[in-house]
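**Student:** Just so we're aligned, residue 52 is where the sequence shown starts under the numbering used here, counting upward by one.
First the structure, which I've put down as structure tokens, then a few questions once you've had a look.
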Amino acid sequence: MPRFYVTTTGPSADLVRADVLARHQRQHGDRVRFLSAVDSPDRDVLALSYNDFVRPAPARPREPHRLADHAAAVRDLVAGDRLRIRPAGPRADVLAHLDAGLPERPLPDAVVAGLCAPITALGHDTGGPNYRRWWLEGDRRVHVVDDGSLLLHAAQWPAFLLAAGIPPPTDVVVTTDLGVDLGALARAHGTDAVRWWVLRHAPGGSAGKAGKELLKHLGGLVDQVTSMIHRYRDGRPPTAAAPGTPPLVAVCREVPERVHAALVDADFRRATDVVWGVVEEATRHLADTRPWDLVSAERQGDTGASARLDAVLAVLLAACRTLANELTPFVPSVATRIAERCAALSGTLTPPVPLFPQTR
Numbered sequence: 052m053p054r055f056y057v058t059t060t061g062p063s064a065d066l067v068r069a070d071v072l073a074r075h076q077r078q079h080g081d082r083v084r085f086l087s088a089v090d091s092p093d094r095d096v097l098a099l100s101y102n103d104f105v106r107p108a109p110a111r112p113r114e115p116h117r118l119a120d121h122a123a124a125v126r127d128l129v130a131g132d133r134l135r136i137r138p139a140g141p142r143a144d145v146l147a148h149l150d151a152g153l154p155e156r157p158l159p160d161a162v163v164a165g166l167c168a169p170i171t172a173l174g175h176d177t178g179g180p181n182y183r184r185w186w187l188e189g190d191r192r193v194h195v196v197d198d199g200s201l202l203l204h205a206a207q208w209p210a211f212l213l214a215a216g217i218p219p220p221t222d223v224v225v226t227t228d229l230g231v232d233l234g235a236l237a238r239a240h241g242t243d244a245v246r247w248w249v250l251r252h253a254p255g256g257s258a259g260k261a262g263k264e265l266l267k268h269l270g271g272l273v274d275q276v277t278s279m280i281h282r283y284r285d286g287r288p289p290t291a292a293a294p295g296t297p298p299l300v301a302v303c304r305e306v307p308e309r310v311h312a313a314l315v316d317a318d319f320r321r322a323t324d325v326v327w328g329v330v331e332e333a334t335r336h337l338a339d340t341r342p343w344d345l346v347s348a349e350r351q352g353d354t355g356a357s358a359r360l361d362a363v364l365a366v367l368l369a370a371c372r373t374l375a376n377e378l379t380p381f382v383p384s385v386a387t388r389i390a391e392r393c394a395a396l397s398g399t400l401t402p403p404v405p406l407f408p409q410t411r
């Protein structure tokens with residue numbers, strides 16, 4: 052089972068992004084360790100799933116290393132994508148910085164202590180087994196860092212590690228600090244709205260608009276589909292296959308692979324766009340097939356309308372279940388509620404209630 056170790060420097064937006072990577076890899080069956088730079092007071096309100104955090108410790112003297120001697124080695128790693136820096140813009144900045152050379156002077160002990168937190172938290176200094184398990188033998192060592200400290204974390208830190216005989220991270224994900232108190236925003240607009248804003252819209256838009264997007268489009272879709280199954284089929288999910296292959300079926304089939312590819316590149320906006328494509332295609336399918344008209348035809352004796360209605364509802368319910376699965380890393384509480392509404396306990400869906408009841 053692959054081991055995935057993700058760490059972050061600590062701004063709340065970085066914690067949300069790192070959390071998405073951690074949840075996604077858990078969903079894929081990886082063993083995941085998620086280290087936060089701090090024990091965030093917003094852990095619950097932002098739905099953060101880190102399982103360890105850095106404990107403050109005094110800096111201790113370490114053997115000084117000339118970073119400049121290792122600039123070429125780091126550059127080779129970055130250029131060959133053995134140290135993956137994403138997105139492409141920061142990667143180019145790091146390569147240019149390495150071409151210009153690294154500082155001759157060693158890093159101060161206090162800076163080194165902060166940089167080495169991902170390995171000291173694993174027991175590197177004490178020979179703990181976690182260091183071997185998660186760093187030396189781990190499949191991916193991912194560091195999420197804001198662009199304000201890009202060169203320190205993506206160029207100088209790997210050089211320091213190489214000088215000390217320690218493997219560098221496999222990935223550095225570069226983000227932008229939004230400069231806002233996400234905890235306060237989440238308390239005002241809700242966890243789901245803030246996470247969705249950070250991952251899909253920020254720095255543009257707002258948490259309030261992101262929440263309305265979820266309510267109107269996602270909530271509207273799930274509420275309508277589950278209500279129709281209760282109204283037209285007494286809550287029993289139809290299993291009839293749709294004739295041919297509706298575009299919605301193809302979209303749902305492709306989503307997991309496309310989301311995974313986007314998150315391997317740490318492209319959160321692309322990943323959420325892929326998931327949102329299911330909402331948009333399901334909404335089109337609903338408008339095109341008009342199940343309410345099929346109900347009228349069924350009641351008027353159209354013998355084929357019943358089977359067509361079953362097929363439409365089955366495809367729409369499958370799309371909602373796809374959304375429950377694929378939204379899990381991004382808005383986990385919403386995903387859980389969708390899954391609950393689409394679960395057929397004892398052969399019937401749970402009683403229909405609004406997906407976002409607090410806003411109705």
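Backbone N, C-alpha and C define an ideal beta-carbon position, used for all residues, glycine too.
DSSP three-state call for residue 410: helix, strand or coil?
**Tutor:** For the purposes of this step, residue 410 is taken as residue 359 along the sequence shown, with counting starting at 1. Bear in mind that a pLDDT of 47 at residue 410, under 50, signals an unreliable position, so the number given afterwards is only what the model happens to contain. It is helical.
**Student:** Could you pull out every residue in the same chain whose Cβ sits closer than 8 Å to the Cβ of residue 408, ignoring the five residues on either side in sequence?
**Tutor:** Taking the sequence shown and counting its residues from 1, the one referred to as residue 408 is at position 357. Counting only Cβ-Cβ distances below 8 Å, and skipping sequence neighbours, we find nothing.
**Student:** Using a 10 Å radius around the Cβ and a threshold of 16 neighbouring Cβ atoms, would you call residue 197 buried or exposed?
**Tutor:** On the sequence shown, residue 197 is found 146 positions in, with the first residue counted as 1. The residue is buried, with at least 16 neighbouring Cβ atoms inside 10 Å.
**Student:** So is residue 297 buried or exposed if we call it buried at 16+ other beta carbons inside 10 Å?
**Tutor:** For this step, residue 297 is matched to residue 246 along the sequence shown. Residue 297 is buried by the Cβ-count criterion.
**Student:** Just how far apart, CA to CA, sit residue 224 and residue 209?
**Tutor:** Indexing the sequence shown from 1 puts residue 224 at position 173. Indexing the sequence shown from 1 puts residue 209 at position 158. Taking the straight line joining both Cα atoms gives about 14 Å.
**Student:** Could you name each continuous alpha helix (DSSP H) segment of 4 residues or more that falls completely within the segment 58-121, going from the start of the chain to the end?
**Tutor:** Entirely contained in the segment 58-121, the alpha helix (DSSP H) runs reaching 4 residues are, in chain order, 63-78.
**Student:** So what does DSSP say about residue 221, is it helix, strand or coil?
**Tutor:** To locate residue 221, count along the sequence shown from 1; it is residue 170. Coil at residue 221, not helix or strand.
**Student:** Under 8 Å: do the segment 152-164 and the segment 118-133 share three or more Cβ pairs, one atom per stretch?
**Tutor:** Yes, since at least three Cβ pairs between the segment 152-164 and the segment 118-133 fall closer than 8 Å, the two stretches touch.
**Student:** Express the C-alpha separation of residue 330 and residue 201 in angstroms, rounding to a whole number.
**Tutor:** Position 150 of the sequence shown holds residue 201. Position 279 of the sequence shown holds residue 330. Whole-angstrom Cα-Cα distance: 36 Å.
**Student:** Hey, which unbroken runs of the alpha helix (DSSP H) at 4 residues or more fall wholly within the segment 165-201?
**Tutor:** With a minimum length of 4 residues, the continuous alpha helix (DSSP H) runs that stay inside the segment 165-201 are 168-171.
**Student:** Does the distance from the C-beta atom of residue 381 to that of residue 236 stay below 7 Å?
**Tutor:** Sequence index remark: in the sequence shown, residue 381 carries index 330 (1-based). Sequence index remark: in the sequence shown, residue 236 carries index 185 (1-based). Contact flag unset, no.
**Student:** Buried or exposed: residue 402, going by 16 or more other Cβ atoms within 10 Å of its Cβ?
**Tutor:** As a working mapping, residue 402 is identified with position 351 in the sequence shown. Exposed, because fewer than 16 other Cβ atoms sit within 10 Å of the Cβ of residue 402.
**Student:** Mind reading off the beta-carbon distance from residue 57 to residue 145? Whole number of angstroms is fine, and I expect it under 8 Å.
**Tutor:** Along the sequence shown, one-based indexing puts residue 57 at 6. Along the sequence shown, one-based indexing puts residue 145 at 94. Not confirmed; about 19 Å, so no contact.
**Student:** Tell me whether residue 279 is buried or exposed, calling it buried when 16 or more other Cβ atoms sit within 10 Å of its Cβ.
**Tutor:** Taking the first residue of the sequence shown as position 1, residue 279 is located at position 228. So residue 279 counts as buried.
**Student:** Which whole runs of the alpha helix (DSSP H) in the segment 295-364 are 4 residues long or more, in chain order?
**Tutor:** Counting whole runs of 4 or more residues, the segment 295-364 contains the alpha helix (DSSP H) stretches 298-315, 319-340 and 342-350.
**Student:** On the DSSP bridge list, what partners appear for residue 56?
**Tutor:** Translated into positions along the sequence shown, residue 56 becomes position 5. Residue 56 is bridged to 84 and 192.
**Student:** Where does residue 396 land, buried or exposed, given buried means 16+ other C-beta within 10 angstroms?
**Tutor:** What you label residue 396 is simply residue 345 of the sequence shown in a count that begins at 1. Residue 396 is exposed by the Cβ-count criterion.
**Student:** Consult DSSP for residue 229 and reduce its assignment to one of helix, strand or coil.
**Tutor:** Here residue 229 refers to the residue found at position 178 of the sequence shown. Note: residue 229 maps to coil in three-state DSSP.
**Student:** Specify, as a first and last residue, the run of the beta strand (DSSP E) that residue 137 falls within.
**Tutor:** The residue given as residue 137 occupies position 86 in the sequence shown. Start and end: 135-137.
**Student:** Between the alpha carbons of residue 69 and residue 345, how many angstroms are there, rounded?
**Tutor:** As a working note, residue 69 is residue 18 in the sequence shown. As a working note, residue 345 is residue 294 in the sequence shown. Taking the straight line from one Cα to the other gives about 46 Å.
**Student:** Compare the beta carbon distance of residue 246 and residue 399 with 7 Å and say whether it is the shorter of the two.
**Tutor:** By 1-based counting over the sequence shown, the position of residue 246 is 195. By 1-based counting over the sequence shown, the position of residue 399 is 348. No, these two residues do not count as a Cβ contact at 7 Å.
**Student:** If you drop the 5 nearest sequence neighbours on each side, which residues of the same chain put their C-beta closer than 6 Å to that of residue 105?
**Tutor:** As a working note, residue 105 is residue 54 in the sequence shown. Cβ within range, chain order: 88, 168 and 172.
**Student:** Considering only C-alpha positions, which residue in the set 163, 238, 188 and 174 is nearest to residue 207?
**Tutor:** By one-based count along the sequence shown, residue 207 stands at place 156. Comparing Cα positions, the closest option is 163.
**Student:** For residue 328, which of 269, 390 and 291 has the nearest alpha-carbon?
**Tutor:** Position 277 of the sequence shown, counted from the start, is the residue given in the question as residue 328. Of 269, 390 and 291, the residue nearest in Cα terms is 269.
**Student:** If you compare alpha carbons, which of 333, 92 and 54 is closest to residue 274?
**Tutor:** Taking the first residue of the sequence shown as 1, we reach residue 274 at position 223. Of 333, 92 and 54, the residue nearest in Cα terms is 333.
**Student:** Between the C-alpha atoms of residue 101 and residue 151, what's the straight-line distance to the nearest angstrom?
**Tutor:** Here residue 101 is taken as the residue at index 50 of the sequence shown, counted from 1. Here residue 151 is taken as the residue at index 100 of the sequence shown, counted from 1. Those two C-alpha atoms are separated by around 37 Å.
**Student:** Which residue comes first and which comes last in the alpha helix (DSSP H) that contains residue 274?
**Tutor:** Within the sequence shown, numbered from 1, the residue matching residue 274 stands at position 223. That run of the alpha helix (DSSP H) goes 271-284.
**Student:** With a cut-off of 8 Å on the beta carbons, I'd call residue 213 and residue 254 a contact; round off their distance for me.
**Tutor:** Here residue 213 refers to the residue found at position 162 of the sequence shown. Here residue 254 refers to the residue found at position 203 of the sequence shown. Contact doesn't hold; Cβ gap of about 34 Å is too wide.
**Student:** Helix, strand or coil: which one does DSSP assign to residue 212?
**Tutor:** The residue you call residue 212 lines up with position 161 of the sequence shown. In this structure, residue 212 counts as helix in the three-state DSSP scheme.
**Student:** Would you kindly report the start and end of the unbroken alpha helix (DSSP H) that includes residue 259?
**Tutor:** Taking the first residue of the sequence shown as 1, we reach residue 259 at position 208. Counting along the chain, the alpha helix (DSSP H) containing residue 259 begins and ends at 258-264.
**Student:** Just to confirm my understanding: we take residue 410, look at its own chain, exclude 5 residues before and 5 after, and list those with CB closer than 7 Å. What are they?
**Tutor:** By one-based count along the sequence shown, residue 410 stands at place 359. Any reading at residue 410 needs caution, since the residue's pLDDT is 47, under 50, leaving its predicted position unreliable; the model's value is listed next. Once the five neighbours on either side are set aside, the close Cβ partners of residue 410 are 266.
**Student:** State the CB to CB distance for the pair residue 185 and residue 372, rounded to an integer number of angstroms; the pair is presumed to be in contact (CB under 8 Å).
**Tutor:** The sequence position of residue 185 within the sequence shown is 134, counting from 1. The sequence position of residue 372 within the sequence shown is 321, counting from 1. Not quite, the Cβ-Cβ distance comes to about 33 Å (not below 8 Å), so this is no contact.
**Student:** For residue 368, which three-state DSSP category applies?
**Tutor:** To locate residue 368, count along the sequence shown from 1; it is residue 317. Three-state result, residue 368: helix.
**Student:** Short of 7 Å in beta carbon distance, which residues of its chain neighbour residue 227, apart from the five on each side in sequence? Order them along the chain.
**Tutor:** Locating residue 227 in the sequence shown gives position 176, counting from the first residue. The residues are 197, 198 and 254.
**Student:** In the structure shown, what three-state DSSP assignment does residue 400 receive?
**Tutor:** On the sequence shown, residue 400 is found 349 positions in, with the first residue counted as 1. Strand.
**Student:** Does the structure place the segment 122-141 close enough to the segment 309-318 that three or more beta carbon pairs sit under 8 Å?
**Tutor:** Yes: at least three Cβ pairs fall under 8 Å.
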